[in-house]
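Letter by letter, the sequence shown follows residues 2 to 478 in my numbering.
Note sheet for the following structure.
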Amino acid sequence: MVALLLGLRPVPGRAQTLAADSAVLRLSEFMGLVSQYHPVARQAALNPERARQEIRQARGAFDPTLNGKYYGKQLKGTEYFHDWETYLRVPTWFGIDVKAGWDRGVGPYVNPQEYTATGGLSYVGLSVPLGQGLLVDERRTAVRVAQALTGLAEAERRAIRNKLLLSAAKDYWDWALATERLRLLAANERVAAVRFAATRQRVLAGDLAAIDSVEAQAELQNRQGQRAAARVQSQNAALVASSYLWDGEGRPRELPPTARAQPLPPALAWRVLAPDTLAALAAQAQQLHPDLLKTRVKQVQLKLESRLLLNKLLPKINLDYNLLLPGQPFALENSPQPFRGGYSTNNYKLGLSLAYPVLLRAERAKRQLNQLKLRDAGFQLDQDQRLVGNALQTAANDWQALVEQLRLQQQATVNYQRLRDGELIRFDNGESTVFFINSREASLLAARQKLAELQAKYAQTQAQLRFAAGVDVPVTE
């Protein structure tokens with residue numbers, strides 16, 4: 002069946018209908034195709050890569066930068082100055098920037114601060130923040146936030162995927178239920194057709210009153226109408242299930258008219274949810290549920306921002322220290338004789354800057370706002386944890402109730418069948434009528450349909466329980 006779903010080329014302009022095939026498309030095959038090829042699943046799979054690129058972008062703040070500039074002036078034949086500045090700046094994770102460069106300022110009117118010998122002046126040095134930026138800065142915070150958002154991206158991927166798979170599983174079992182309902186009504190129609198033919202023969206033979214033939218025919222027509230309506234419902238349910246099917250090239254697929262879902266869960270598959278299973282799911286939900294992970298990631302992000310905002314309360318103190326060497330960059334043999342020994346602490350350029358807002362109103366307000374957001378996230382996490390726990394317990398309660406309902410409904414169906422069989426025996430003995438037989442069969446049909454509905458709901462609840470726990474909705478039965 003899967004080979005048929007993936008092997009045919011689509012008809013241009015519309016979705017490709019698969020070649021007729023009567024094979025069963027099992028839930029594992031259906032869910033596997035949805036998980037692998039559905040556009041929403043593919044879209045969700047982009048989130049982790051998007052998060053990796055966010056980290057890469059944040060780390061770009063630590064990329065070395067090569068800078069250069071030249072200014073020169075000449076007016077009315079007079080050469081004023083030539084000023085070159087070229088340097089390489091290498092940021093480090095510890096907040097210290099390493100800098101190496103070459104300056105050349107020559108000309109009769111060059112700024113004395115920028116004047117160098119003809120060969121220029123090379124230097125290597127450090128730029129060190131002594132206040133803000135020493136322990137934490139925007140660059141390091143951005144990387145840590147991006148790394149935290151990796152967990153958020155994975156949580157969002159799982160949330161989108163699980164929602165898709167839950168919807169697909171429910172619609173699959175709706176398709177299976179519609180197929181089973183059609184089967185029951187078709188079998189019921191065949192029984193009515195046989196009874197009408199037999200009743201008509203007995204009426205012609207004088208064994209039954211003519212009104213019994215009218216009763217049998219009316220019931221047959223009623224069941225034919227029910228079966229026709231069920232056929233349309235089955236086709237529509239199959240169409241809904243088809244909407245989840247795509248191939249590897251992003252083309253939609255359709256189920257063949259004769260394809261069918263696997264049977265509804267039989268009595269052997271009805272099992273009570275074990276307490277240890279529920280406890281394990283509850284523990285997993287508290288650790289892995291996407292809604293809780295999102296809030297926890299938000300808390301991590303706010304805590305990182307809090308550290309940065311706390312650092313903003315410190316004064317800005319920057320120290321720049323460069324060792325100097327006349328001549329072309331790193332060309333010691335071309336340097337003047339006193340400098341051929343290389344860089345020396347006797348030749349340096351030192352800079353120190355200080356800035357500090359007196360009132361710090363903006364910085365203190367930002368930090369207080371951050372603390373309020375942290376408290377808000379804590380309250381949100383408490384609320385989300387309770388909602389997740391309640392949703393999980395609700396799904397577990399539905400599971401337990403359905404198992405009990407299934408067993409009771411199965412017993413009721415057996416009893417209705419016994420009543421129908423007893424009525425047939427009475428009819429054969431001349432003690433009953435077609436009307437009473439039809440009434441018993443209507444009750445039996447209603448019981449069988451109710452049982453099928455409970456079976457489908459039980460199968461859907463299995464997926465709902467996993468979704469409520471926030472763990473991956475399985476792609477197998």
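Glycine included, each C-beta is placed from N, C-alpha and C at the ideal position.
Between the beta-carbon of ASN189 and that of LEU446 there is about 5 Å, and that keeps the pair under the 8 Å contact cut. In the structure shown, VAL35 adopts helical secondary structure according to DSSP, grouped into three states. Secondary structure at GLU50: helix, using DSSP grouped into helix, strand and coil.
Assignment of beta-bridge partners to GLN75 by DSSP yields GLU80.
Note that the region 430 to 444 touches the region 205 to 219; at least 3 beta-carbon pairs, one per stretch, sit closer than 8 Å. Closest option to ILE97, judged by alpha-carbon separation, among LEU375, THR414, GLU405, TYR322: TYR322. Assignment of TYR417 by DSSP, reduced to helix, strand and coil, places it in the helix class.
Considering only PRO264, VAL125, GLN148, GLY251, the residue with the shortest C-alpha distance to LEU183 is PRO264. Contact annotation: LEU311 and ARG368 have beta-carbon atoms nearer than 9 Å.
Contact holds between the region 278 to 294 and the region 386 to 405, because three or more Cβ pairs, one in each stretch, are under 8 Å apart. A check of alpha carbon separations from GLU50 across GLN37, LEU324, ALA147, TRP176 identifies ALA147 as the nearest. Per the C-alpha coordinates, the member of GLN450, LYS458, LEU324, PHE380 positioned closest to ALA101 is LEU324. The DSSP-derived three-state label of THR117 is coil. Here the region 460 to 469 makes contact with the region 171 to 182; the two share three or more CB pairs at distances below 8 Å. The C-beta distance from PRO266 to ALA460 rounds to 5 Å, short enough to fall under 8 Å. Fewer than three beta-carbon pairs drawn from the region 122 to 141 and the region 422 to 429 are found closer than 8 Å, and the two stretches are therefore not classed as touching. Annotation: ALA149 to TYR124 spans about 39 Å, alpha carbon to alpha carbon. Counting only residues of its own chain and dropping the five nearest sequence neighbours on each side, GLN372 has a CB closer than 8 Å to the CB of SER307.
In the three-state scheme derived from DSSP, where H, G and I count as helix and E and B as strand, ALA270 is classed as helix. Look at ASN347 here: in three-state DSSP terms it is coil, with no helix or strand label. With a contact defined as Cβ atoms closer than 8 Å, LYS299 and GLY132 miss out at about 29 Å.
Taking a contact to require three or more Cβ pairs closer than 8 Å, the region 82 to 95 and the region 56 to 66 qualify as touching.
ILE212 carries a helical assignment under DSSP once its states are collapsed to helix, strand and coil. VAL41 and LEU165 have their C-alpha atoms spaced approximately 7 Å apart. In the three-state DSSP reduction, GLU432 falls in the coil class, being neither helix nor strand. Closest in C-alpha terms to VAL111, from the list ARG261, GLN37, GLY73, comes GLY73. Of LYS374, ALA231, VAL35, the smallest CA-CA separation from SER244 is found for VAL35. From the listed residues ASN347, LEU315, LEU351, ALA392, the smallest Cα separation to VAL359 is found for LEU315. Around the beta carbon of LEU355, a 10 Å sphere encloses fewer than 16 other beta carbons of the protein chains shown; the residue is thus reported as exposed. Going by beta carbons, ASP248 and ASP385 fall outside the 9 Å limit. GLU454 sits in a helix when the DSSP states are folded into three classes. The three-state reading of DSSP puts TRP94 in coil, since its state is none of H, G, I, E or B. For the set VAL195, LEU294, ASN223, the Cα lying nearest the Cα of ALA378 is the one of LEU294.
In the three-state reduction of the DSSP assignment, ARG252 falls in the coil class, being assigned neither a helical nor a strand state.
Of THR151, VAL415, SER235, the smallest CA-CA separation from GLU55 is found for THR151. Boundaries of the beta strand (DSSP E) harbouring TYR124: 122 to 130, taken from the DSSP string.
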